[in-house]
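Numbering (the numbering used here), first residue to last: 10 to 778.
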């Protein structure tokens, strides 16, 4: 064993690196050096165990993580051997397998991978053809149902068998039509990549045997995020040598909403009898104070593999908890802290991340950043490859690599404008369907369409001739960059934009220039592998697999804004967790669903552990969200952190009541209908409240003290899950019970009001039987 591989490792990391045979579960806490363990494990297999590099597979969840892993492996064993190791995402691995053998399933090897935008367009058109009201049956819900079906490995026939309600039947019909159209267009979506790979391996024993023999050692990162289809794929591949090492953390499973199954990692030792388990609990990222907070929050979850993060980094600063008057004040406070630390502590803007539960929360923060002239990057905002002009050019690329791609045809046949109206295109679709032709082939034969005017016939045939000319460019083996320039010129796309020099078109021209930077980079770095069909197909595959997080440039000196989900796997010296309020984080739905609440708590754990040196938790008394003003209680996740780890000094800058409220345990804070109360005393909403307002609030509070119609037995027997009837707000559900007797408080979730905290003895509520 090379001691170089283990230098600087703790005993648990060394154990994970050197345990190479049989199944291994590495339960790696946040910041515990799991990437180092994985890369050194691969290097150890090659340098010390003499395993051929191409017999090793390492799967992770983002292209960014895959690149980082491959670079680290190259540093350890050299670039030549590192390039022979399969390091990729699930989807990139599936593409390589399918490019080699998908023809056995009836597809061409140059199939197209459609993006989310194309998915939406196709399903929307299918629903319209099927006379479905997309206002009543939300397009996103239909797409999500189809995706979930694929992740559960349900074919359209399987799904239809269990579709009993109206929505299920609509999805079943749309799913069947969607898959049929994808097949005709020689296209697949992201979920198909995994599903078709499983189908290929299960139907073709020779292909399965090839990959089982090939991959002698398999590594899977972020195992807690795998869905049922990914689990099945790994199970098939690992069934040969059974040397499967999975790395994950049950406390960081935050993608249940998109099919991730937490039970997969929890059941690993049952699925692979005799598996060894190694816990990585030493954290190299954060301070002990931050880790203590994370440990305390996640300890409230059930169904987890217990571990306790610790570090040698020292205690560090306390966590700052700040409660603002409003969401606008919250944004101003955050900007003030950033400006102060940049000026006085010599931090860079890139050191800061502002994390929120939903994208909608970013608006106010963005506006404040703009007004303060502070540079920022928003992850998950407007994406380069989602811009119209880029999608148009990529559609041309896709159509010339796959002439059967009807969705790309429909996108660019009249882009730029060629005088082809919707009626002509509808007739062409019918003509293509009648002859079972792709649309491009139908366009080439448009002169056979008796119901189409000769002018439109000629325009369709001109377009088909244009595409045929572009397709021929591939035969000359021109570079991707040269082909892009040919598309720009021959389609008149660039000339059309230049002819109308509006600011919007100027911006589009700049984006098209930037696209040439992308193509030049590909041309410079392209090396075909054994599964390659052509560099043009490989280029399209590479772009199809780009994700939001891959565009985060850590060298840019910008404040980073992103959702908590997007922040997974990243770290920053200073982190702001904003909007820490009940009904926002945790979300309203999670509050009344214990399973979702556990996932929200794991999301809080992920957010806390993104911070290396300093963590802020912020919320507001009032918040405008989705066009509605809300008064939310502080998040229960704040209450789950011991006060000794919190710095409440900034809260004390508000009135004395609010300072006291912030220091109280969550269970002792109360909130009435019209304002916040504190131990029997009415709080003033702001420091300028006049005596008239105080009298009105006091009068209102007296109404809440009026006896309700519940009996004393009912008052003392409230339990979580009880249904209540409120005179004004209707039916609600009790989600939390605090205290006893007349001091008993109920947290009640109302559909129209969110969570309200009420005194059981005095609130105008009745228990429903």
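Don't be surprised by glycine CBs; every beta carbon is placed ideally from N, CA and C.
The model shown is predicted, which means the values in this text are computed figures rather than measured ones.
Item: Which residues bound the beta strand (DSSP E) around residue 511?; Value: From DSSP, residue 511 is part of no beta strand (DSSP E); its letter is neither H nor E.
Item: Distance check for residue 256 and residue 137, CA to CA, integer angstroms please.; Value: 44 Å
Item: Closest to residue 277 by CA distance: which of 728, 33, 412 is it?; Value: 33
Item: Could you tell me the alpha carbon to alpha carbon distance between residue 368 and residue 57, rounded to whole angstroms?; Value: 47 Å
Item: Measure how close the beta-carbons of residue 436 and residue 461 come, nearest whole angstrom, since I'm counting them as under 8 Å.; Value: 5 Å
Item: Of all the alpha helix (DSSP H) runs that stay within the bounds of the stretch 76-113, which reach a length of 4 or more residues?; Value: 88-93, 99-110
Item: Please determine if the stretch 108-126 and the stretch 155-171 are in contact, where contact requires at least 3 C-beta pairs separated by less than 8 Å.; Value: no
Item: Residue ranges of each alpha helix (DSSP H) run of no fewer than 4 residues wholly in the stretch 18-46, ordered along the chain?; Value: 20-27
Item: Skipping 5 residues on each side, what residues in its chain have a beta carbon closer than 6 Å to that of residue 582?; Value: 360, 621, 622
Item: Note down, in chain order, each residue of its chain lying with its Cβ closer than 8 Å to the Cβ of residue 242, except the 5 sequence neighbours on either side.; Value: 99, 103, 203, 206, 207, 210
Item: For residue 5, which of 160, 180, 173, 117 has the nearest alpha-carbon?; Value: For residue 5 there is no data in the structure shown, the boundaries of the chain being 10 and 778.
Item: Given this structure, state the Cα-to-Cα distance separating residue 496 from residue 404, to the nearest angstrom.; Value: 11 Å
Item: In the structure shown, what three-state DSSP assignment does residue 194 receive?; Value: coil
Item: For the beta strand (DSSP E) that residue 352 lies in, which residues bound it at each end?; Value: Where residue 352 is concerned, there is no enclosing beta strand (DSSP E), although the alpha helix (DSSP H) it sits in stretches over 336-353.
Item: Please classify residue 444 as buried or exposed, where buried requires at least 16 neighbouring CB atoms within 10 angstroms.; Value: exposed
Item: Identify which residue in 283, 271, 220, 378 has its Cα closest to the Cα of residue 236.; Value: 271
Item: Could you tell me which residues DSSP pairs with residue 393 in its beta bridges?; Value: Answer is none; residue 393 lacks a bridge partner.
Item: Reducing DSSP to helix, strand and coil, say where residue 656 ends up.; Value: strand
Item: Taking only runs of the alpha helix (DSSP H) that begin and end inside the stretch 199-243, which ones reach a length of at least 4 residues, in chain order?; Value: 199-212, 214-223
Item: Could you check what DSSP says for residue 756 in three-state terms: helix, strand or coil?; Value: strand
Item: Would you mind sorting residue 613 into buried or exposed? The rule is 16 or more other CB atoms within 10 Å of its CB.; Value: buried
Item: Can you tell which of 49, 73, 12, 146 has its C-alpha closest to the C-alpha of residue 174?; Value: 146
Item: Which same chain residues, not among the five before or five after residue 738, have their C-beta less than 7 Å away from its C-beta?; Value: 759, 761, 762
Item: Run through DSSP, which three-state label would residue 504 get?; Value: helix
Item: Should residue 238 be labelled buried (16 or more other beta-carbon atoms within 10 Å of its own) or exposed?; Value: buried
Item: Whole angstroms is fine: what's the gap from residue 300's alpha carbon to residue 769's?; Value: 37 Å
Item: From 291, 285, 308, pick the residue whose C-alpha is nearest to that of residue 319; which is it?; Value: 291
Item: How would you write the range of the alpha helix (DSSP H) that residue 603 sits in, first residue to last?; Value: 603-617
Item: Near residue 680, which residues of its chain fall below 8 Å by C-beta distance, leaving aside the five closest residues on each side in sequence?; Value: Confidence at residue 680 is low in this model, with a pLDDT of 37, below 50, so its placement is unreliable and no value can be given for it.
Item: If you reduce the DSSP assignment to three classes, tell me which class residue 252 lands in.; Value: coil
Item: Let me check understanding here. Comparing Cα to Cα, which of 774, 577, 740 lies closest to residue 788?; Value: In the structure displayed, the chain extends from 10 to 778; residue 788 sits before or after that span and is not available.
Item: Which first and last residues belong to the alpha helix (DSSP H) in which residue 160 is found?; Value: 148-160
Item: Could you work out which residue in 223, 132, 16 is closest to residue 60 when comparing CA atoms only?; Value: 223
Item: Quick one: which unbroken beta strand (DSSP E) runs of 3-plus residues sit fully inside the stretch 620-653? Chain order, please.; Value: 620-634, 637-639
Item: Can you give the Cα-Cα distance for residue 275 and residue 264, rounded to whole angstroms?; Value: 15 Å
Item: What span of residues does the beta strand (DSSP E) with residue 363 cover, start to end?; Value: 361-365
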